[in-house]
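Read the structure below first, then the notes.
In the working numbering, the protein residues as written are 4 to 273.
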């Protein structure tokens, strides 16, 4: 009695068609969006893992840019320091020339004038050296603190120089032999100070470049891991879609046959 009232075969066919339709919808969405996981319902654990990996990847990419910006700032400082070294070397040459007893007063006056102009150039370079609106060589920025990783411990501090203290800025000049010789000592001290700062900056730049490369590599690996979790496997999704379409067509055929069976039985009973 119950078998005649309830067409079990038809119910099974309808269930199979519903499942096939759902798989068709899922595969179609995956192929259209390029994402295997489009909502938490698709893969709850995968969505949670992806969220954590994405946060870490974004943080590392920001850290990489921080390191690159630090390198750019130090390159700016190093470029200014290099120009200052060139000016100091010329000042040293002038001092040696002026210290020679063969110079006339007019010669020394001309040399002293050039020396003074170069000294003023040094002061102007120190006062104007800046990066992103920040003065970097006049003592305003004593330390450059950089966040170069995704955790609070991934930071680096670089000592910046205060070139306002350079001895050459207060050198007596080269108007006479005594002043010229005194200026030589001041210039040599200044060259040593600049070279020392540039050595520190060069080492810091190398560390920052390495840190930036490391952050970039880790971020790429995280993105690759996210891709395996979230992105569509097109070969698999295409195969799943074809299979679901075949099952849907088979379900329609089964449903049609199942619906015809009770009618055939009734005809026999008449």
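Think of the CB as a built atom: it goes at the ideal place given N, C-alpha and C, for glycine as much as any other residue.
Remember, predicted model here, so these are calculated numbers, not experimental data.
Where residue i falls, given that 16 or more other Cβ within 10 Å makes a residue buried
i: residue 208; result: buried
i: residue 168; result: exposed
i: residue 60; result: buried
i: residue 139; result: buried
i: residue 14; result: exposed
i: residue 77; result: buried
i: residue 152; result: buried
i: residue 182; result: buried
i: residue 51; result: exposed
i: residue 235; result: buried
i: residue 39; result: buried
i: residue 25; result: exposed
i: residue 154; result: exposed
i: residue 94; result: buried
i: residue 21; result: exposed
i: residue 37; result: exposed
i: residue 3; result: Summary: the structure shown does not reach residue 3, with the chain confined to residues 4 through 273, and so no result is reported for it.
i: residue 85; result: exposed
i: residue 92; result: exposed
i: residue 238; result: exposed
i: residue 189; result: buried
i: residue 163; result: buried
i: residue 245; result: exposed
i: residue 69; result: buried
i: residue 58; result: exposed
i: residue 102; result: buried
i: residue 1; result: The first residue shown for the chain is 4 and the last is 273, placing residue 1 beyond what the model contains.
i: residue 252; result: exposed
i: residue 205; result: exposed
i: residue 54; result: exposed
Residues that DSSP places opposite residue i in a beta bridge
i: residue 149; result: 159
i: residue 165; result: 141
- Task: Would you mind listing the alpha helix (DSSP H) stretches within the segment 77-146 that are 4+ residues and don't spill past its ends, in chain order?
- Result: Runs of the alpha helix (DSSP H) inside the segment 77-146: 108-131.
- Could you tell me whether the segment 49-67 touches the segment 89-102, where touching means 3 or more Cβ pairs closer than 8 Å? As far as the Cβ criterion goes, the segment 49-67 does not touch the segment 89-102, which means the pair count is below three.
- Task: Specify whether the segment 223-231 and the segment 111-125 touch according to this definition: at least 3 beta carbon pairs, one from each stretch, less than 8 Å apart.
- Result: Result no; under three Cβ-Cβ pairs closer than 8 Å.
- Counting pairs of Cβ atoms below 8 Å between the segment 195-205 and the segment 42-61, do you hit three or more? No contact exists between the segment 195-205 and the segment 42-61.
- Message: Contact between the segment 213-221 and the segment 126-138 is defined here as three or more beta-carbon pairs at a separation below 8 Å; is this criterion met?
- Response: Judged by Cβ distances under 8 Å, the segment 213-221 makes no contact with the segment 126-138, as fewer than three pairs qualify.
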